[in-house]
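Note that this note's numbering gives residue 96 to position 96 of the sequence shown, counting from 1, and the numbers run on in steps of one. Note that beta-carbon positions come from the ideal geometry of N, C-alpha and C, so glycine has one too. Being a predicted model, the structure only gives us computed values, none of them experimental.
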Amino acid sequence: RELAFNEKHDTRIRNRLIFVYLRSKTRRRMWSFFRLWKQQSRYGRVTALYTRSELASGWMQQKYRCAQLASTIEDTEEKLESCDQLETRVKYLEEKLRQSENAKNDAE
């Protein structure tokens, strides 16, 4: 008898938890719909409907990306400068090689 009572009690508790969960899910969905409807009625559009936390996290991500791009740009500029230096060095050495070859040809 006690076992049957416990099973009924457990079933009631499970059913109650399921009902509470479904009710809260429905409530959240309705709140979301009303929020969209309110935005639509005020501004005539639903776009740009974000919470403060979503906007702040997006801003932080954008700030992080900007910092990454700035560091990438600096690295690229340094590489370009080193490439320019190498290019001038290569031109200088090619000129020296031509001069030495011309000097050898003149000596022969």
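- When only Cα atoms are considered, Glu-87 and Gly-44 end up about 59 Å apart.
- Gln-39 has its alpha-carbon roughly 43 Å from the corresponding atom of Glu-74.
- When only Cα atoms are considered, Gln-85 and Lys-96 end up about 16 Å apart.
- If you draw a straight line from the Cα of Arg-98 to the Cα of Trp-59, it is about 58 Å long.
- For Lys-79, there are no CB contacts under 8 Å within the same chain when 5 residues up- and downstream are skipped.
- The C-alpha of Arg-14 is placed about 10 Å away from the C-alpha of Glu-7.
- Going by DSSP, Thr-51 is part of no alpha helix (DSSP H) at all; its letter is neither H nor E.
- Straight through space, the alpha carbons of Tyr-92 and Lys-63 are spaced by roughly 44 Å.
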